[in-house]
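S.K.: Have a look at this one before I ask anything.
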Amino acid sequence: MGKRPVVRSIGIYTFTNFFSKGISFLLIFIYTNPKFITPAENGLLSLFNNGLTFLMPFLAMGIIHSTSTDFFKLNKTEFRDFFTTGFVMPVTVMFLSALLLYIFRDQLLTNFGLPYFFFWIIPLITFFNFCNEQLLNLARSNNNPGLYMRVNMSKGLMEICLSVILVVWFAWRWEGRVAGILVAFGLTTLWALYYFKQQGYLFGKIRKHYLVNELMYAVPVITMQASIYSVNASDKFFLSHFTNDNNTTVGVYSIAFIFATVLLMLCNGMLQYFFPKIYANLSSGQINYRSIKKQFLLFASLMAGGTLFIIFLIPLCYNLGINEQYHAALDYYYYFCIGFFFWAVNYFFYSFLLYYKRKKMLLALSLCSMAVSLTLYYFAIKHYGAEGGAKAHAGAHILMFILTLFFTRTYWKKIFFTGNSTPPTNS
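Residue numbers for the sequence shown follow numbering that gives the first Met the number 0, beginning at 0 and rising by one.
Next up, the structure:
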């Protein structure tokens, strides 16, 4: 009987995440209908979403992660001061980024076709997203899966319903999609602020030492997030810059990319099962490397099977419900799938650096990731367009897999060449 609340909580978190991501994924079949949104407009939306992704680590820094850990370390008064102080940097970055985007608004319009109002709406929605993530974060910390489900599903349903109504019914096209996101995130932020005040998390004192600690912690976090962005998002901006078709190619390219991200959902779902077992093993008195090897082989096999299945499934989805204007991506979509497969396997080994907090290695690997991906994308897209970008996506992830094997060789050698259990080590 004691296990039932735990199983129920895990089920709620899993279902909520799948629902929020899965239902928005199904709307692709509506948004790829040129009657509602053209490929060029989908390209602009892709740049908009990638702009949010790019700004988020600079605005949130490491505050969300610190909140999840300091919630259990600090007393009520200290946490109130920390949480209040944690809003100083995001608000500052929001205004500074809006000013920076305003200064370069003409260059952004010329190079990427970004409209002027993006200079304020991207920072604002990013800040809203920060507040939403903090709300979900505190719901988990307070062991309140019901609140987590209500917030996540309410935001997702508001965003989707508003977007569909504005795009389909009122024919606002891509502006309707953006408006739906703005309103849904804005209303959820009001909910978040009410919850923060109700729980006594707001209106504490702003403490200098919390600001200093977060700024120091933010450097490796931002670098790691920037490396992830450069591998999985910067290609759209290169493609927009090197093509002269009002972001039509970006729209076609991004829809294929979205289909391939199903593999990320599969990967994240499986890692929720594998990582706790591996981390428990690593923290035990005797590490069973044979068990970790068995878990890795199972994980890699499932990812390989999932990759082959998605490669087979995507053309069927295109032929059943995606407008023919997007079918050019069928020439290169499988490179995205290959890239995400290597990303998943790569992250398995990458997690050892996270567990042992090898900050210097993480920083070096992140910098290598940015250098490799940006260089590959620049030359591949400049000379070979969308197909070059897809090949560079696979190539960047394969090269990063090789680099990760180099940085983590101390760990995987023990996994594959040590049969016996050994005491844990930080080496």
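Every residue gets a Cβ at the ideal spot worked out from N, C-alpha and C, and that includes glycine.
With a threshold of 16 other CB atoms inside 10 Å of the CB of valine 92, please say whether the residue is buried or exposed.
M.R.: Buried: at least 16 other Cβ atoms inside 10 Å.
S.K.: Where tryptophan 171 and phenylalanine 111 are concerned, what is the direct C-alpha to C-alpha distance, given to the nearest angstrom?
M.R.: For tryptophan 171 and phenylalanine 111, the distance between alpha carbons rounds to 21 Å.
S.K.: Is threonine 407 close to chain B? Criterion is C-beta to C-beta, closer than 8 Å.
M.R.: As a matter of chain content, chain B is missing from the structure shown, which is built from one protein chain.
S.K.: According to DSSP, is isoleucine 286 helix, strand or coil?
M.R.: In this structure, isoleucine 286 counts as strand in the three-state DSSP scheme.
S.K.: Only counting the same chain, and skipping five residues up and downstream in sequence, which positions put a Cβ closer than 7 Å to that of tyrosine 334?
M.R.: Taken in chain order, the residues that qualify are Ala389, Lys390, His392, Ala393.
S.K.: Along the chain, where does the alpha helix (DSSP H) that runs through lysine 204 open and close?
M.R.: Unbroken run through lysine 204: none, as it is neither H nor E.
S.K.: Thinking C-alpha only, which one of Cys160, Phe341, Phe406, Leu156 is nearest cysteine 367?
M.R.: When only C-alpha atoms are compared, the closest one is Phe406.
S.K.: Would you give the residue range spanned by the alpha helix (DSSP H) that lysine 359 belongs to?
M.R.: It spans 358-406 - the alpha helix (DSSP H) in which lysine 359 sits, taken as one unbroken run.
S.K.: Looking at the unbroken alpha helix (DSSP H) that takes in glycine 112, where does it start and where does it end?
M.R.: Where glycine 112 is concerned, there is no enclosing alpha helix (DSSP H), given that its DSSP letter is neither H nor E.
S.K.: Rounded to whole angstroms, what's the CA-CA distance from lysine 175 to alanine 259? Just pull it up for me.
M.R.: According to the sequence as given, residue 175 is glycine; it is not lysine. The alpha-carbon atoms of glycine 175 and alanine 259 are separated by roughly 25 Å.
S.K.: Quick one: any contact between the segment 127-143 and the segment 187-194, if contact means 3 or more CB pairs under 8 Å?
M.R.: Flag = yes, the segment 127-143 and the segment 187-194 touch.
S.K.: According to DSSP, simplified to helix, strand and coil, what is tyrosine 410?
M.R.: It is helical.
S.K.: Can you name, in chain order, every residue of its own chain whose Cβ lies under 7 Å from the Cβ of leucine 44, other than the five neighbours on each side?
M.R.: So the qualifying residues of the chain are Trp173, Arg176.
S.K.: Which whole-angstrom value describes the C-beta separation of alanine 97 and proline 114, a residue pair presumed to lie in contact below a C-beta threshold of 8 Å?
M.R.: Their Cβ separation, rounded to whole angstroms, is 15 Å, which puts alanine 97 and proline 114 out of contact at 8 Å.
S.K.: Considering only the beta carbon of each residue, do asparagine 345 and threonine 403 sit closer than 8 Å?
M.R.: Result yes, Cβ atoms of asparagine 345 and threonine 403 sit closer than 8 Å.
S.K.: On the CB-based measure, 16 or more other CB atoms within 10 Å of its CB, does proline 422 come out buried or exposed?
M.R.: The predicted model places proline 422 with a pLDDT of 49, which falls under 50 and marks its position as unreliable, so this point remains unresolved.
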